[in-house]
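Enquirer: So for the sequence shown, UniProt numbering puts the first residue at 1; every next one is plus one.
In this text, a Cβ means the ideal position worked out from N, Cα and C, and glycines have one as well.
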Amino acid sequence: MLFDIHGDIWADVTEKRKKGLKNIIRDYHLERFKKGNMVGGIFVIWIDPPHTSRPKERLIENIKAMSVELWESKDIIKVIYNSNDFYQAMDEKKIAVLLGLEGLSGIGEEIENIYTLYQLGFRHGSLTWNEENSLGTGARGTLNRGLTALGKEAIGIMESIGMILDVSHANDKTFWDIYNVARKPFIASHSNSRTLCNVPRNLTDEQIKAIGEVNGLVGINAFNEFIHEDKNKRNVDYLINHIEHIINLIGIDKVALGFDFFEYIGKDAANTFIEDDYIGTKGLENISKGKDFILKLKERGFTKEDIEKIGYKNFLNLMDRIL
């Protein structure tokens, strides 16, 4: 079983519902999930370009579309808040979904809206996407700009009510500011090793060790441009190298899967953050190849217990410790 701790599903739901379509997860995603043995994940709301200029409005649009989709999909989706919910979803043969937020630009400076989002069911959030906002600085922001005073307050709220704090997309200064401020474990839901692929969105060895130190979690990202600088080496084997490298630094109990597949995202949005046309990672182009990925792990010497930990158990453990 695979639990993907980062998926931009709600962006697809919102765009397709704007066109009058319904049952987006059922008709456009469910078969792929089943084929890849994906049993759930963190489905995030992401303020997708070009809507970054109107984040509050886009956040509301996403929440509306998500809410209708969840209501109409009660027979196939269960929103979860702890590991008991996860196993109940498995018993009911439903997709286990934890609601997340990739960036909080949509709340502007109104950090008390974090309470509102919590009441709506969200249990995960990062402060930024790639942008600078009122809370912190993303990977494409000013290098020497980090966490803001409001961002520190936002972390305090998230930790007090029980939300998983995510540092993927934070720039280096924001990462270390969060490390110095946070009092609970935090995660990088979809980031690889910068030692193996030197891009700003990946984590340095020191950052990976810091996440291990706070008993957090690193989710491995399947986006090809984060796997290797050599385009000929952007394949599943080199992705597994990232898994092994991170395990060597912080142990197998602190590694998960945050695949970040986005083949369903429109080109207008995707072209703002990719170098070439999106082709996926060879051997793991989308979640339908999940079973092939598991076979690759077995070939590399990962045991059944190892794969279960990486696949879903490590995240369930972290979820129960924070939520």
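(1) Measuring alpha carbon to alpha carbon, tell me which residue in Lys-78, Leu-101, Leu-99 is nearest Asp-91.
(2) Consult DSSP for Asp-320 and reduce its assignment to one of helix, strand or coil.
(3) Judging by CA-CA distance, which residue of Asp-205, Met-38, Ile-42 is the nearest neighbour of Trp-10?
(4) So the alpha helix (DSSP H) Asn-9 belongs to, where does it begin and stop?
(5) Going by other Cβ atoms of all chains shown within 10 Å of its Cβ, with 16 needed for buried, is Trp-71 buried or exposed?
(6) Which same chain residues, not among the five before or five after Ile-111, have their C-beta less than 7 Å away from its C-beta?
(7) Report yes if the C-beta distance between Val-214 and Ile-246 is below 8 Å; otherwise report no.
(8) Compute the distance between the beta-carbons of Gly-103 and Ser-134, then report whether it is under 8 Å.
(9) How many angstroms separate the CA atom of Gln-286 from the CA atom of Glu-263?
(10) Between Asp-260 and the rest of its own chain, which residues show a CB-CB distance below 7 Å, the 5 nearest in sequence each way excluded?
(11) Arg-123: which of Asp-8, Gly-141, Ile-161, Arg-26 sits nearest, CA to CA?
(12) Measuring straight from C-alpha to C-alpha, what distance separates Leu-143 and Asp-172?
(13) Taking DSSP as the reference, what is the three-state secondary structure of Glu-159?
(14) Pull up the CB-CB distance for Asn-62 and Thr-116, whole angstroms please, since I reckon it's below 8 Å.
(15) Given a cut-off of 8 Å, decide if Glu-132 and Gly-121 are closer than it, judged by their beta-carbon atoms.
(16) Kindly indicate the opening and closing residues of the beta strand (DSSP E) around Phe-43.
(17) With distances taken from CA atoms, which of Gly-251, Ile-240, His-242, Cys-197 is nearest Asp-230?
(18) Since Ile-227 and Thr-281 should fall inside the 8 Å C-beta cutoff, what is the C-beta to C-beta distance between them, to a whole number of angstroms?
(19) Using CA atoms only, rank isn't needed, just tell me which of Met-1, Asp-166, Ser-168 is closest to Gly-36.
(20) Taking three-plus beta-carbon pairs below 8 Å as touching, is the stretch 295–313 in contact with the stretch 233–241?
(21) Decide yes or no for the touch test of the stretch 43–52 against the stretch 264–284: beta carbon pairs closer than 8 Å, at least 3 of them.
(22) So Ile-243 is in the alpha helix (DSSP H); what residue range does that whole segment cover?
(23) How many angstroms separate the CA atom of Ala-182 from the CA atom of Ser-168?
(24) Do Asp-4 and Gly-258 have their beta-carbon atoms positioned less than 8 Å apart in this structure?
(25) How would you write the range of the beta strand (DSSP E) that Asp-166 sits in, first residue to last?
(26) Could you pull out every residue in the same chain whose Cβ sits closer than 6 Å to the Cβ of Tyr-179, ignoring the five residues on either side in sequence?
Expert: To lay it out plainly:
(1) Comparing Cα-Cα distances from Asp-91 to each of Lys-78, Leu-101, Leu-99, the minimum goes to Lys-78.
(2) Here DSSP, grouped into helix, strand and coil, assigns Asp-320 to helix.
(3) For Trp-10, the nearest C-alpha among the options comes from Ile-42.
(4) Contrary to the premise, residue 9 reads as Ile rather than Asn in this sequence. Counting along the chain, Ile-9 sits inside the alpha helix (DSSP H) bounded by residues 9–18.
(5) Burial call: exposed.
(6) Answer for Ile-111: Leu-150, Glu-153, Ala-154, Ile-157, listed in chain order.
(7) Result no, Cβ atoms of Val-214 and Ile-246 do not sit closer than 8 Å.
(8) Not closer than 8 Å, so no.
(9) According to the sequence as given, residue 286 is Asn; it is not Gln. The straight-line gap from Cα to Cα measures roughly 8 Å.
(10) Counting only Cβ-Cβ distances below 7 Å, and skipping sequence neighbours, we find His-6, His-190, Asn-221, Ala-222, Phe-223.
(11) The option with the nearest alpha carbon to Arg-123 is Ile-161.
(12) Straight-line Cα distance between these residues: approximately 8 Å.
(13) In this structure, Glu-159 counts as helix in the three-state DSSP scheme.
(14) The distance from the Cβ of Asn-62 to that of Thr-116 is about 14 Å, inconsistent with a contact at the 8 Å cut-off.
(15) For Gly-121 and Glu-132, no; Cβs fall outside 8 Å.
(16) Where Phe-43 is concerned, the enclosing beta strand (DSSP E) stretches over 38–46.
(17) The residue among Gly-251, Ile-240, His-242, Cys-197 with its C-alpha nearest the C-alpha of Asp-230 is Cys-197.
(18) For a cut-off of 8 Å, the C-beta gap from Ile-227 to Thr-281 is around 6 Å, short enough to register as a contact.
(19) Selection Met-1, Asp-166, Ser-168 evaluated against Gly-36 yields Met-1 as nearest (Cα-Cα).
(20) Below 8 Å, enough C-beta pairs join the stretch 295–313 and the stretch 233–241 to call them touching: three or more.
(21) Yes, the stretch 43–52 touches the stretch 264–284.
(22) It spans 236–250 - the alpha helix (DSSP H) in which Ile-243 sits, taken as one unbroken run.
(23) Distance between the alpha carbons of Ala-182 and Ser-168: 15 Å.
(24) Yes, Cβ-Cβ distance for Gly-258 and Asp-4 is below 8 Å.
(25) Here the beta strand (DSSP E) through Asp-166 covers 164–166.
(26) Excluding sequence neighbours, Tyr-179 sits near Ala-210.
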